[in-house]
Amino acid sequence: MIRDVRLLNTGSLLELQRRLRAAGNENIRSSMQRRIRRAAEPLRADLQSSIRGLNIAPPPRRGRPGGPSPTTRPLRATIAEAIRISVRTSAGGAGARVWIDRARLPADLSNGTTDMPTAINTGRIRHPVYGNRRRWVQQNAAPGWWDRTVRAHTPRMEREVARVLDDVRSRLT
Numbered sequence: 003m004i005r006d007v008r009l010l011n012t013g014s015l016l017e018l019q020r021r022l023r024a025a026g027n028e029n030i031r032s033s034m035q036r037r038i039r040r041a042a043e044p045l046r047a048d049l050q051s052s053i054r055g056l057n058i059a060p061p062p063r064r065g066r067p068g069g070p071s072p073t074t075r076p077l078r079a080t081i082a083e084a085i086r087i088s089v090r091t092s093a094g095g096a097g098a099r100v101w102i103d104r105a106r107l108p109a110d111l112s113n114g115t116t117d118m119p120t121a122i123n124t125g126r127i128r129h130p131v132y133g134n135r136r137r138w139v140q141q142n143a144a145p146g147w148w149d150r151t152v153r154a155h156t157p158r159m160e161r162e163v164a165r166v167l168d169d170v171r172s173r174l175t
């Protein structure tokens, strides 16, 4: 799974950042950040709708029915709400980044390397039955909900960010 999406053209962004700082024009800089964020917002919205609408097949029924769910939160909506955007123009990682904020996920959905968003992206979701850690079940979903959505949006976002950078360059000269 692509852990996060980064629109990077670090050399161009850093060069523009230096020129903006030298020009002292805060309006151009904030406008550039706002426009880069707007370029990434459709991806975030599409990722959220993709996970919310993802069909996760129920596990096969065996034996008697289980008990009540140990949690009342909706899984897909919880993951959708954790998708974030950040825009940075500093030297450390200039660009836009779309990612799943693990801090916004409950601990049982994000426990190290085998977290739930990654498992759903692989298409195989293995979890305990109603919280019973001695009994596990596997559910299946269409693999690649994150990867497919990112691939579909990347060319558009790259074009928009390039257009923003060209506009800022022309305003500085």
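Positions 3 to 175 (my numbering) are the ones given, in order, by the sequence shown.
Note that beta-carbon positions come from the ideal geometry of N, C-alpha and C, so glycine has one too.
Remember, it's a predicted structure, so these values are computed and weren't measured experimentally.
Any idea what DSSP makes of Met3, helix, strand or coil?
Taking the first residue of the sequence shown as position 1, residue 3 is located at position 1. For Met3, the predicted structure reports a pLDDT of 49, less than 50, and the residue's modelled location is therefore unreliable. The matter cannot be settled from this model.
Decide if Ser112 is buried, meaning its Cβ has at least 16 other Cβ atoms within 10 Å, or exposed.
The count along the sequence shown starts at 1 and reaches residue 112 at position 110. The residue is buried, with at least 16 neighbouring Cβ atoms inside 10 Å.
Taking the alpha-carbon of Thr156 as reference, which of Val139, Gly146 and Ala42 has the nearest alpha-carbon?
Here the question's residue 156 lines up with position 154 in the sequence shown. The candidate whose alpha carbon is nearest that of Thr156 is Ala42.
With DSSP run on the structure shown, which of helix, strand or coil describes Ala144?
Indexing the sequence shown from 1 puts residue 144 at position 142. Ala144 falls in the coil class under three-state DSSP.
Give the secondary structure of His88 by DSSP, where H, G and I count as helix, E and B as strand, and everything else as coil.
As a working mapping, residue 88 is identified with position 86 in the sequence shown. The sequence shown places Ser at residue 88, rather than the His named in the question. Here Ser88 sits in strand by DSSP.
For Arg37, the nearest candidate out of Glu162, Arg171 and Ser172 (CA to CA)
Start at 1 with the first residue of the sequence shown, and residue 37 comes out as number 35. For Arg37, the nearest C-alpha among the options comes from Glu162.
Using a Cβ-Cβ cutoff of less than 6 Å, which residues in the same chain neighbour Ala183 once the five nearest sequence positions on both sides are dropped?
What the structure shows of the chain is the stretch from 3 to 175, and residue 183 is not part of that stretch, so it cannot be assessed.
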